[in-house]
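*Asks:*
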Amino acid sequence: MQTPQARYNFEFGMPARKRSWAEPFKIKVVEPVRLTTPEQRRAAIAEAGYNTFLLRSEDVYIDLLTDSGTSAMSDWQWAGMMLGDEAYAGSRNFYHLEAAIQKHYGYRYVIPTHQGRGAEHILSRALIHPGDVIPGNMYFTTTRLHQELAGGRFVDVIIPEAHDPESPHPFKGNVDLERLEEVIREHGASRIPYLSIATSVNMAGGQPISLGNLRAVRDLADRHGIRIMHDATRVAENAYFIQQREPGQEGRPIAEIVREICSLTDGCTMSAKKDALVNIGGFLAVNDREIYEEARNLVVVYEGLHTYGGMSGRDMEAVARGIEESLHDDHIRARVGQVLYLGYKIRAAGVPIVEPIGGHGVFLDAKRFLPHVPREQYPAQALAAAIYLDSGVRSMERGTVSAGRNPQTGEENRPKLELVRLTIPRRVYTQAHMDVVAESVEAVFGERDNIRGLKMVYEPRYLRFFQARFEPA
Ligand code: PM9
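Numbering follows our numbering, with no gaps: position 444 of the sequence shown is 650.
#1: Look at the Cβ atom of Leu589, then the Cβ atom of Phe575, and state whether they are nearer than 8 Å.
#2: Please report the Cβ distance between Glu229 and Pro374, rounded to the nearest whole angstrom; I am assuming they are in contact, meaning their Cβ atoms lie under 8 Å.
#3: Extract the residue ranges of the beta strand (DSSP E) inside the region 571-621, only unbroken runs of 3 or more that lie entirely within it.
#4: Where Gln208 and Asp273 are concerned, what is the direct C-alpha to C-alpha distance, given to the nearest angstrom?
#5: Going by beta carbon distance, what residues of the same chain come within less than 7 Å of Ser469, once the five residues before and after it are set aside?
#6: Would the C-beta of Ile658 count as close to the ligand PM9, meaning under 7 Å from any of its heavy atoms?
#7: With burial defined as no fewer than 16 other Cβ atoms inside 10 Å of the residue's Cβ, what is the status of Ser608: buried or exposed?
#8: For a quick check, are the C-beta atoms of Ile486 and His320 less than 8 Å apart?
#9: Any idea what DSSP makes of Thr348, helix, strand or coil?
#10: May I ask whether a heavy atom of the ligand PM9 can be found less than 7 Å away from the beta carbon of Gln321?
#11: Just to confirm, are Val642 and Ser597 a CB contact at a threshold of 8 Å?
#12: Where does Leu289 land, buried or exposed, given buried means 16+ other C-beta within 10 angstroms?
#13: Skipping 5 residues on each side, what residues in its chain have a beta carbon closer than 6 Å to that of Ala410?
#14: Looking at the structure shown, is Gly342 part of a helix, part of a strand, or coil, going by DSSP?
#15: If distances are taken between C-alpha atoms only, which option among Lys232, Glu617 and Glu523 comes closest to Glu297?
#16: Alpha carbons only, please: which of Ile233, Met435, Ile463 and Phe651 is nearest the one belonging to Asp281?
#17: Should Leu628 and Gly567 be called a contact, given that it needs their Cβ atoms to be closer than 8 Å?
#18: Closest by CA to Phe489, which one among Asp382, Ala526 and Pro666?
#19: With DSSP collapsed to three states, give me the class of Leu271.
#20: Quick check: Gly528 and Gln283, are their CB atoms within less than 8 Å of each other?
#21: Over what stretch of residues does the beta strand (DSSP E) that includes Leu333 continue unbroken?
#22: When DSSP labels each residue in this structure, what does Thr629 get in the three-state scheme?
#23: Rounded C-beta distance between Gly255 and Phe676? I'm assuming under 8 Å.
#24: Can you tell me whether Glu677 is helix, strand or coil according to DSSP?
#25: Looking only at C-alpha atoms, which of Glu245, Ala478, Leu351 and Phe447 sits nearest to Ser277?
#26: Short check: CB of Val492 to CB of Gly473, under 8 Å?
#27: Between the beta-carbon of Gly176 and the beta-carbon of Asp291, is there less than 8 Å?
#28: Out of Asp535, Gln246 and Tyr267, state which residue places its alpha-carbon closest to the alpha-carbon of Ser601.
#29: Any heavy atom of the ligand PM9 closer than 7 Å to the beta-carbon of Phe346?
#30: Considering Gly473, what are the terminal residues of the beta strand (DSSP E) in which it resides?
#31: From Val464, Arg397, Ala442 and Phe447, pick the residue whose C-alpha is nearest to that of Leu483; which is it?
#32: Determine the direct distance from the alpha carbon of Ala638 to that of Glu653, and round the result to whole angstroms.
#33: Evaluate Ser406 with the Cβ neighbour count: other Cβ atoms within 10 Å of its Cβ, from every protein chain shown; 16 or more gives buried, anything less gives exposed.
#34: Residues bridged to Pro558 by DSSP?
#35: Kindly indicate which three-state DSSP category Lys661 falls into: helix, strand or coil?
#36: Leaving out the 5 sequence neighbours to the left and right, which residues in its chain are closer than 6 Å to Lys622 when beta-carbon positions are compared?
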């Protein structure tokens, strides 16, 4: 089969030649970033208790903490911000948002929330009863906490390859169907309010679930009468991997794949701060009228009226337009392309990373990077601090600290994955920034024997990774 480039060359009578792709935008506004000295960084990270969440952003050079709320909006989104209808009730921007969700994701009813965890809170309160079990394709920090706070227990049913950073499985976000069947048999369908299925599984390294697997999960759920709730936070990135890797899906538009993914589920929670290219916002969307009624009632208690849910009118307009832009094929190709660019560079330097490279970031394998640092001294936390010290690049721990404690026993959870995430904001940094990041990671890798572990000296009760403090062990 001819590639599109070869076909173009053939049709226009041109000789075949290499043609790289580039970002489908040009830059209109810039924000300066500050390069700090090693002394300034030493002081800053000590003051932050060796937790990159506690650094001041002005002390960061290239900020790869997260892709959440850090995207650059387009001129079309900014123009939409000027059209914010800031009425308390019935803002026109809510109806634009509702229409965009119905059109692109296909869910019937929409409840806006201030961000993803607001939607998770409402969904968990509406559907989970004490003693319930929620199977899912790997935990996410805020999702699992809301399930636990509602009295439920998360059970991981992702395929085992997802826990192995070296496995090259193309769809490490897949559900282990036999394991799921076992969990249903053990607990009974009546104790399972829903399956919690994420696209682009964050804690596994931004790994996709395949359409084939999701269809099989749907069949299984239907046989037992169980709902599927979708964490759609990075659904477009997942769709890109389906388009690139799944037999029969090549060449299919991203928007169409996204629509099919959503059609296989009964509702979604969404942090619009990621895929949907905005700085704040989220929503819950469902097909079931009764769940909608309950959620619409709860949203006024915890978030705001059901036509704003914690967002301003202008925020809702930006989300509506961001959803549309997130599904353009050229956007998603450049977005994931930049992540792959960084990943290939880091991998070429011999640095251990999670394979395959994910959709929103490059995940360093801290266990293999720092084999001399024991797990109880938080190697990923120590590695994130070391990278900051080297270059002012900020990353995030995604290992033992993030995993927190078992609420029943109080023991620390010990996930198999001990990772540092270099997360790439959308449409924000250039290829030259990626080169600097790769150089810094390579330099730190060269000096890894000098990196020491950390001990935790302050531990908050919930989501400890955000605010915990450490000292050199
Ligand atoms: N994810 C991230 O950096 C924000 C900070 S860490 C809690 O990856 C998924 C898959 C997420 C996510 C946030 C949320 C919560 C739900 N699901 O941050 O509340 O990656 O908008 O969304 C972060 P909010």
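We treat Cβ as the ideally placed atom computed from N, Cα and C, and that holds for glycine.
*Replies:* Judging by the given coordinates:
#1: yes
#2: About 28 Å separates the two Cβ atoms, so there is no contact after all.
#3: 602-604
#4: Note that Gln208 scores a pLDDT of 49, beneath 50, so its modelled location is shaky; the value from the coordinates is reported in the next line. If you take the alpha carbons of Gln208 and Asp273, they lie about 35 Å apart.
#5: Gly312
#6: Strictly speaking, residue 658 in this sequence is Arg, with Ile absent from that position. No, the ligand PM9 has no heavy atom inside 7 Å of this Cβ.
#7: buried
#8: yes
#9: helix
#10: yes
#11: yes
#12: exposed
#13: Met344, Ala368 and Lys378
#14: strand
#15: The question names Glu, but residue 297 in the sequence shown is Ser. Closest by alpha carbon: Glu523.
#16: Ile233
#17: yes
#18: Ala526
#19: coil
#20: yes
#21: Leu333 -> not in any beta strand (DSSP E); alpha helix (DSSP H) instead, spanning Gly322 to Leu333.
#22: strand
#23: 6 Å
#24: strand
#25: Ala478
#26: yes
#27: Residue numbering for the chain in the displayed model covers 207 to 679; residue 176 lies beyond these limits and cannot be assessed.
#28: Tyr267
#29: yes
#30: Gly473 to Ser477
#31: Ala442
#32: 23 Å
#33: buried
#34: The partner list for Pro558 (beta bridge, DSSP) is empty, contrary to what the question assumes.
#35: strand
#36: His369
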